[in-house]
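Q:
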Amino acid sequence: MRSRKTTKLVKKRKGHFSATTNYSITNMDIIIRIYEYLRPGGIIVVPIILISILMWTLIIERLFYLRRQKQDDLDLKEAVEMIKGKKIDYLPAKGLRSKVVRSFLREKTGERKLDQSILYLCAKGELPPIRRNLSIIGALASVSPLLGLLGTVMGMVTTFNVISQFGTGNAKALAEGISEALITTQSGLLVAIPGLYMSNFLNQQAKELKNRLDETVMTLKRYI
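All letters in the sequence shown, in the order written, are residues 1 to 224 by my numbering.
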């Protein structure tokens, strides 16, 4: 009986190992195919890939940050209650309004005019984190098609050099130059198009958060 159970367990483990191995091989095949496709693009493809990795790292960080500022937050009524001195059961740690309220409650003096200025400064202090890295994302998205264009020029130079030396008889060398020109252009555009879209989207989200911050300050000032 034990022998049968052991045999089943071994078979199960073999099947799991086989599935894991197949998954790894599949991923490796994809990487190899991508490499083989991009290789004719030459050295310009390398900075385009690096730009893409950096850009999407920043985009993902911004998406999580901006989402957290909206979701894990006080609503405006709760913020007013906090300013008026009433306690609420839960003060979110990461939301935009909760940060402003927490900073203000630490710094307030009890003098109305001074406290209104303190509230404004507390809100102003939250603006830089909202816009952090957005200009970098836009710049990276804009640079990538220019690198692709540079690769196109380099590919065409290679092609004309081949023509000047061998005429049009060396089809393989001509194809390499044309491939370099087209692949770098394509790679640059593949990075730039979604990058510019996400840059505009993130800027819009940041603008909405700034408007939310302005609304919060204007409302809370009336209750100080």
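Even for Gly, the Cβ is constructed at its ideal location relative to N, Cα and C.
1. Take R131 and list the residues in its own chain whose beta-carbon comes closer than 8 Å to its own, dropping the five residues that flank it on each side.
2. Do M55 and L140 have their C-beta atoms closer together than 8 Å?
3. DSSP state of Y120, grouped into three classes?
4. Am I right that R67 and N133 are in contact with their C-beta atoms under 8 Å? What's the rounded C-beta distance?
5. What would DSSP say about G188, mapped onto helix, strand or coil?
6. Taking its Cβ as the centre, do 16 or more other Cβ atoms sit within 10 Å of A19, making it buried, or is it exposed?
7. Between the C-alpha atoms of E215 and G138, what's the straight-line distance to the nearest angstrom?
8. One question on the structure: do R97 and A79 come within less than 8 Å of each other, judged by their Cβ atoms?
9. Report the three-state DSSP secondary structure of L74 (helix, strand or coil).
10. Per DSSP, what kind of secondary structure is H16 in: helix, strand or coil?
11. In three-state DSSP terms, what is I224?
12. Can you say whether Q204 is buried or exposed, counting buried as having 16 or more other CB atoms within 10 angstroms of its CB?
13. K124 to I118, Cα distance in whole Å?
14. Would you mind reading off the limits of the alpha helix (DSSP H) that contains I130?
15. Return the CA-CA distance between Y197 and I60, expressed in angstroms with no decimal places.
16. What's the call for S164, buried or exposed, on a 16-neighbour Cβ count within 10 Å?
17. Reducing DSSP to helix, strand and coil, say where G110 ends up.
18. Nearest-angstrom Cα distance between G110 and Q116?
19. Between V143 and I51, is the Cβ-Cβ spacing less than 8 Å?
20. Can you list, in chain order, the residues of its chain with a C-beta nearer than 7 Å to that of P145? Leave out the 5 residues immediately preceding and following it.
21. Using CA coordinates, which residue listed in M156, T185, I32, L220 is at the minimum distance from L149?
22. My understanding is that D73 touches G95, with C-beta atoms under 8 Å, so please give their C-beta distance in whole angstroms.
23. Can you tell which of K84, E126, V153, P47 has the C-alpha that lies nearest to the C-alpha of R112?
A: Let me spell this out:
1. The answer, listed in chain order, is A206.
2. yes
3. helix
4. Between N133 and R67 the Cβ distance is about 15 Å, and since that is not below 8 Å, they are no contact.
5. helix
6. Its pLDDT being 47, under 50, A19 is placed unreliably by the model, and nothing is read from it.
7. 27 Å
8. yes
9. coil
10. Residue placement at H16 is flagged as unreliable, the pLDDT there being 49, under the threshold of 50; a coordinate-derived value is accordingly withheld.
11. Looking at I224 - three-state DSSP - the assignment turns out to be coil, as it is neither helix nor strand.
12. Q204 should be labelled exposed.
13. 10 Å
14. 127-131
15. Taking the straight line joining both Cα atoms gives about 14 Å.
16. exposed
17. coil
18. 10 Å
19. Their beta carbons are under 8 Å apart, which means V143 touches I51 by this criterion.
20. Taken in chain order, the residues that qualify are G188, L189, A192.
21. T185
22. 2 Å
23. K84
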